[in-house]
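Quick note, my numbering runs 1065 ahead of the 1-based positions in the sequence shown.
Glycine included, every Cβ here is placed at the ideal spot set by N, Cα and C.
Take a look at the structure set out below.
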Amino acid sequence: MASEPVAGPLVTRPSLAADLRSLGVRAGGTLLVHSSLSSLGWVNGGAVAVVQALLDAVGPEKTLAVPAQSGALSDPAYWENPPIPREWWETVRATMPRYDAATTPAQHMGVIAETVRAWPGAVRSAHPQTSFAALGRRAAEIVEGHAADCALGEHSPLARLERLGARVLLLGVGYDSCTALHLAEYRTPSPVLERRGRPGPDGWEVVTDVALDSDDFDRLGEDLERDRPGLVAHGRAGAARARLFPLADAVAYAEGWLREHRPAADGGHGPAADAVDPVPGDGTGAART
């Protein structure tokens, strides 16, 4: 029996680059991309063609960055999808491979992000759970100095992207996938802290950092678009809904929004929460952003 024909639209490297330019992506800028390949339609060449189109759109002076998180490098005690037997936990902690920027895959970030990570010339930041990968003129500047105890704050690539005037491209994904908004969580007056377990260079380690929560980011994004009309450019890229906006403006708005909509923690300097799950996710270490 013949299979059903492939659903469209047909997306090619040139057509996607043209869609991105129509959205407002311009040559020479710095772009942080969150993406879903399946949302685009039938892409001739798959993720490779998408990365080529992104590079075409940002031009030869390009800088392209993606989140390359490896949230599975986390405490198995907090895995839920599926959980593993309690009697395995210590063995899993003891034998979990430690982070290697060259070989650890970008997990649950999508095939486009993983393709960027593995692209010739790509560089990657050193954080073992919330790294970023980048290509282009400012790539090394973006990823250098990512502190091991600062997942997505002032000593992470997000702060450098902000200083460089980067824009965020949401390609077939919503604001719940917008990693940049986590930078605002570090700037709230009383951030919640948590302890995070992971394999370190000298064995299992636990660090304290700001707790990350993207559960209300879709609502934050809706309010951003309502309160800052014109800030977010909307368009289509293939079959996908696409949004483009300045990272710094979105983070500045998010700082005020979070202060208003989330209850304050106990000064942010008291005992850390008992949570160890390292990055926003579903309990498997699978990051949502």
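Top-ranked residue by Cα proximity to residue i, from the options
i	options	result
residue 1225	1206, 1305, 1150, 1070	1206
residue 1125	1223, 1142, 1200, 1213	1200
residue 1155	1170, 1139, 1147, 1145	1139
residue 1107	1239, 1071, 1148	1071
residue 1243	1274, 1257, 1307	1307
residue 1076	1069, 1315, 1115, 1260	1115
residue 1085	1303, 1324, 1325	1303
residue 1300	1082, 1159, 1210	1082
residue 1095	1273, 1313, 1203	1203
residue 1104	1279, 1236, 1284	1236
residue 1276	1287, 1290, 1286, 1260	1260
residue 1132	1328, 1110, 1217	1217
residue 1130	1280, 1109, 1149, 1097	1097
Residue i in three-state terms, based on DSSP
i	result
residue 1153	helix
residue 1173	coil
residue 1145	coil
residue 1288	helix
residue 1260	strand
residue 1099	strand
residue 1071	coil
residue 1123	helix
residue 1330	Residue placement at residue 1330 is poorly supported in this model, since its pLDDT is 46, which falls under 50; the coordinates still yield a value, given next. Coil, per DSSP.
residue 1276	coil
residue 1247	helix
residue 1184	coil
residue 1300	strand
Beta-carbon proximity list for residue i, same chain, < 6 Å, skipping 5 on both sides
i	result
residue 1246	1282, 1319
residue 1112	1102, 1176, 1177, 1180
residue 1310	1233, 1296, 1297
residue 1190	1196, 1197, 1208, 1211, 1222
residue 1332	Unreliable positioning characterises residue 1332 in this predicted model, as indicated by a pLDDT of 42, which lies under 50. A coordinate reading is not provided.
residue 1272	1214, 1261
Neighbourhood of residue i by C-beta distance below 7 Å, restricted to the same chain and skipping five residues each side
i	result
residue 1175	1100, 1101, 1102
residue 1263	1138, 1139, 1193, 1194, 1270, 1343
residue 1322	1285, 1288
Beta-carbon proximity list for residue i, same chain, < 8 Å, skipping 5 on both sides
i	result
residue 1152	none
residue 1170	1135, 1179, 1182
residue 1158	1140, 1141, 1262, 1264, 1269
residue 1290	1296, 1297
residue 1093	1123, 1124, 1126, 1127
Residues bridged to residue i (per DSSP)
i	result
residue 1224	None; residue 1224 has no bridge partner.
residue 1311	1232
residue 1132	1197
residue 1270	1263
residue 1078	DSSP, once it has assigned bridges, lists no residue as partnering residue 1078.
residue 1293	Residue 1293 is not bridged to any residue.
residue 1305	1302
CB contact check: residue i to chain D, cutoff 7 Å
i	result
residue 1118	You won't find chain D in this structure, because it holds only one protein chain.
### Task
Please confirm if the region 1180-1192 is in contact with the region 1291-1309, defined as three or more CB-CB distances below 8 Å between the two stretches.
no
### Query
On the three-pair Cβ rule with 8 Å, is the region 1113-1133 touching the region 1254-1268?
no
### Query
Just checking, does the region 1245-1260 make contact with the region 1112-1120 on the three C-beta pairs under 8 Å criterion?
The region 1245-1260 is not in contact with the region 1112-1120.
### Message
Check whether the region 1160-1167 and the region 1230-1242 touch, using three or more Cβ-Cβ pairs below 8 Å as the test.
### Response
The region 1160-1167 makes no contact with the region 1230-1242, as fewer than three CB pairs between them are under 8 Å.
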